[in-house]
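Just so you know, we're using numbering that gives the first Met the number 0 here: the sequence shown kicks off at 0 and counts up by one.
Cβ coordinates follow ideal geometry from the N, Cα and C atoms, glycine included.
Computed from a predicted model, the values in this text were never measured in an experiment.
Okay, so here's the structure we're looking at.
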Amino acid sequence: MWPGQTVGMEERILAEKVKNRIVVLTAAVFFFGAFVWCLLKPAVPFSESERRPLEKMPSFSVSSVVSGKFMENFESYSMDQFPMRNGFRTLKSIVALYLLGQKDTGGIYLAEGYASKLEYPMNTVSLENAASRFRRIYEKYLKDQNVKIYLSIIPDKNFVLAGRNDYPAMDYEKFARSLREKTDYMQYIDIYDCLELADYYKTDTHWRQERIVDVAQRLAEGMGISLSEKYELKTLNVPFYGVYYGQSALPFEPEEICYLDSGLFDTCRVFDYETNEEIPVYDMERAEGRDPYEMFLAGPKSLLVVQNESADTDRRLIIFRDSFGSSIAPLLFEGYSEITLIDIRYLSSELLGNFVEFDNADVLFLYSSLVLNNSETLK
């Protein structure tokens, strides 16, 4: 090797070492700076986009350090409180979907302009648990009463979106059949064929109230009542970003929330047992809040009783429901003098006898496949 070549090689090696040191130093400065920033900046208590509380700084103690609990909790805290966290989450999702070609990010996928979260496979243990909860309610409150009992399942968005876009999807017919076999004391009302993709929000789990009048009609017919109410379509002047917007961290365009108004709702009285006060059918304060969908009957409520003072019948309806029921229940008000809405995710079914009179009523178990396939939330 000639002397000139040796000198040139040494220069290249030196340049490579300098470059590597700069990269390492830059990375070290970045991560150290982010660490210090994370420690010094005020902790953010709540993620608006993800709609969940963020981790707090764990309490320091010798026992927590020795057990490793402190570092475990601190890791969760630092991940939640990392500077510019939402920006990095967005970058990660964009890289995963559009540069690396992954089909989903954190279980959320995009298809036909909609975002949805994979709900697969069918959880037979969860269905057994849901059926067991329903059976317990039947045996304790309904078996010897003058009641008619109905069941209807609300399929999630994957019912119409996943399979036709080559994503794994449950067999929804098998899902319904399995639950029906376990609840043979109920009359099943099938609403599957009433639903299409446009009936759901693009960035949220829920269905759109203005699109489910036909579903309400199907339920009413199944329970032997007629609905004739005409509604006025109204639109909130609030941008709506659904739950998948926050969970995916992708830059979706906002949606509109529409709702159906009627003079009937002015005469209905809705009593909230949690607050011991009357609430409106549509809560406009919540419409301006973190989740505008909670405008429908004030969102997650354990027990509501609706009195329809203009009803020409004395029939009563009791609905065991989840959040999907909040937006469809008003469309059933016309057919009953009283409607009770029960959410046993927030109220133990063992306590229902203290609040609800079950005799001489229609009883509807109306649950989404999302809750039935994850029924550990039912009490």
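Host beta strand (DSSP E) of residue i (start-end)
i    : result
N307 : L302 to N307
E255 : Note, E255: premise wrong, no beta strand (DSSP E); not H, not E.
F319 : R315 to R320
L340 : E337 to I341
L232 : E231 to T234
Local Cβ density within 10 Å of residue i, reported as buried at 16 or more and exposed below that
i    : result
R268 : exposed
F323 : buried
M283 : exposed
F239 : buried
I21  : exposed
G106 : exposed
T266 : exposed
A197 : exposed
P154 : buried
Same chain only: Cβ atoms within 7 Å of residue i, ignoring 5 sequence neighbours per side
i    : result
E287 : V237
P120 : M169
Residue range of the unbroken alpha helix (DSSP H) whose run includes residue i
i    : result
S367 : No alpha helix (DSSP H) contains S367, which is instead part of the beta strand (DSSP E) from A360 to S367.
Y243 : V242 to S247
I327 : F323 to I327
T266 : L263 to T266
L160 : N157 to L160
Contact set for residue i: own chain, Cβ-Cβ below 6 Å, skip 5 residues either direction
i    : result
D170 : none
N164 : A110
Residue i vs residue j beta-carbon contact at 9 Å
i    : j    : result
D313 : M222 : no
F357 : M185 : no
L232 : D189 : no
F354 : V305 : no
K102 : Y199 : no
R132 : L377 : yes
Y272 : L303 : yes
A161 : S115 : yes
Other residues of its chain near residue i: CB distance less than 8 Å, five sequence neighbours each side excluded
i    : result
T123 : S177
R315 : Y335, S336, E337, I338, T339, N359, A360 and D361
L235 : E255, I256, C257, Y258, A286, P291 and M294
Residue i Cβ short of 8 Å to the ligand MG heavy atom set
i    : result
R210 : Of ligands this structure carries none, so the ligand MG is not represented either.
Report task. Could you pull out every unbroken alpha helix (DSSP H) segment of at least 4 residues lying fully inside the stretch 171-212, listed in chain order? Result -> If we require 4 residues or more, the alpha helix (DSSP H) runs fully inside the stretch 171-212 come out as 171-181.
Query raised in the report: Whole beta strand (DSSP E) runs in the stretch 269-296 with 3 or more residues, listed along the chain?
Result: You should have 276-278.
Report task. Just list the alpha helix (DSSP H) runs in the stretch 105-145, keeping only unbroken ones of 4 residues or longer that don't cross its boundaries, in chain order. Result -> If we require 4 residues or more, the alpha helix (DSSP H) runs fully inside the stretch 105-145 come out as 123-136.
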